[in-house]
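Read through the structure below, which is laid out as structure tokens, and then see the notes.
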Amino acid sequence: MTSSKDFWQAAALVKDLKRRPARVEFGGEPVVLFKSASGISALADRCPHRLMELSKGKVVRGEIECPYHGWRFDGGGRCTAIPGHMGDVPGYRIPGLKTFVKDGVVFLSKGDPAGEPYLHPMEGRKTVVRLVRSSTNSTLIDAAENILDATHTHFTHKGLLRGLSSKRHRVRVDITGGPGWVEAVYTGEDRQHGLISRLLEAGRVRTVGRYRFPGVAELEYWGENGLALATTFHLRQAADGLVEGIGCLIGPNEGLLDRVKSWMFQPMFRIALEQDRRVLKSSLENAARFPDARPLIGPLDYLRRDIEAIEKGELPGAAQSPRTAYIEL
Ligand code: FES
Ligand SMILES: [Fe+2]
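So the sequence shown is numbered by the UniProt record's numbering: it starts at 1 and just counts up by one.
Listed below in structure tokens is the structure:
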């Protein structure tokens, strides 16, 4: 398992693909997404004629039309029209990617993925799901680690995810893993005092932070009655120094209150994302000023090495030797 080729990766939101095509960076190349007759289609974003960007064209009756000479292509990438040409259209084709739409999220794959894409941990239950798209100047590993890192919340998100007081509580952390994943389970955490926790939680029993190959970082907040709230981020290194992400904010949907809570949570979720974007961008830019400096892996950076191993296609250390640590959070 060294390549993400045979995995589904979240690339766009259906709601962003109305009438116009969209360009996304995927696997190091631009891809055009558009609503074709067969659903949402993904093709290499280059007209075979003069390599024009097809995403600058338009969608006509489920086909994409190049803005330069008007050649058209169907959802499978087959050339269907060459305006002005009399006779049969030669069998020109643009390579395409596999697509799968799940709950408003467009997943792509360059290979042959087995089964459906994974979206979030509450699939199959009655849930309220809010989707956000974000891009961050960072690396995949830094962005994933940031989402799963409990120790930045006191500072980066002071008042929002954590209280304003500096009182900390001793928490147990169990780190386990397997092929392609690692997780940290935090127990003994007293109820957190940030605004979000106040709004959403009754007693919290445990928090789980998990990373899954190739770019899923998720947090789960477990209460006495099971999984109370989760956030799942689907991350991709879209270009050098740029991470594209699709975040799902998921809660149970047992009534109006749940819907109201999720509606109230969304703007705060966006604020937290913005706070993270700022620190990630700043540290990436500053790192470029010190090209010889390497980031230090501190005693509380529980998942960093494991995430790096997973991204290299190796078994994370936590799979062979699960560990337990204590931290003041
Ligand atoms: S470049 Fe696309 S039709 Fe000519
Ligand atoms: Fe954060």
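Cβ atoms here follow ideal geometry from the backbone N, Cα and C, with glycine treated the same way.
Short of 7 Å from the beta carbon of Gln-275, and not among the five residues preceding or following it, lie these beta carbons of its own chain, in chain order: Thr-156, His-157. By the neighbour-count definition (other C-beta atoms within 10 Å, threshold 16), Asp-88 is an exposed residue. Apart from sequence neighbours up to five positions away, the residues of its chain that approach Arg-259 with a beta-carbon distance below 8 Å are Val-128, Asn-253, ordered along the chain. In the three-state reduction of the DSSP assignment, Gly-75 falls in the coil class, being assigned neither a helical nor a strand state. By the Cβ-count criterion, Asn-146 is buried, with 16 or more other Cβ atoms from all chains shown falling within 10 Å of its own Cβ. Within the same chain, Ser-109 come within 6 Å of Lys-98 by CB-CB distance, once the 5 residues on both sides are set aside. Under the DSSP assignment, Lys-281 falls in the alpha helix (DSSP H) whose first and last residues are 256-289.
Proximity of the region 237-247 to the region 12-28 meets the contact definition, three or more beta-carbon pairs being nearer than 8 Å. Nearest neighbour of Phe-269 by Cα position, chosen from Val-279, Leu-249, Leu-256, Ser-283, turns out to be Leu-249. For Ile-141, the enclosing alpha helix (DSSP H) begins and ends at 140-148. Within the chosen limit of 7 Å, ligand 1 reaches the beta carbon of Gly-70 through at least one heavy atom. Judged by their CB atoms, Ser-135 and Val-14 are not nearer to each other than the 8 Å cut-off. In the pairwise beta carbon analysis, the region 39-49 is classified as not touching the region 2-10: fewer than three pairs are separated by under 8 Å. With a 10 Å radius around the Cβ and a threshold of 16 neighbouring Cβ atoms, Pro-179 comes out exposed. Phe-100: member of the beta strand (DSSP E) spanning 96-102, first to last residue. Between the C-alpha atoms of Leu-284 and Ala-144 there is a straight-line separation of about 14 Å.
Secondary structure of Leu-161 (DSSP, three-state): coil. Sorting Leu-229, Tyr-186, Ile-64 by C-alpha distance to the C-alpha of Val-208 places Tyr-186 at the top. Selection Arg-210, Arg-294, Val-173, Arg-133 evaluated against Ile-307 yields Arg-210 as nearest (Cα-Cα). For the region 15-50, the continuous beta strand (DSSP E) assignments of 3+ residues that do not extend past its boundaries occur at 22-26, 29-36, 39-44, in sequence order.
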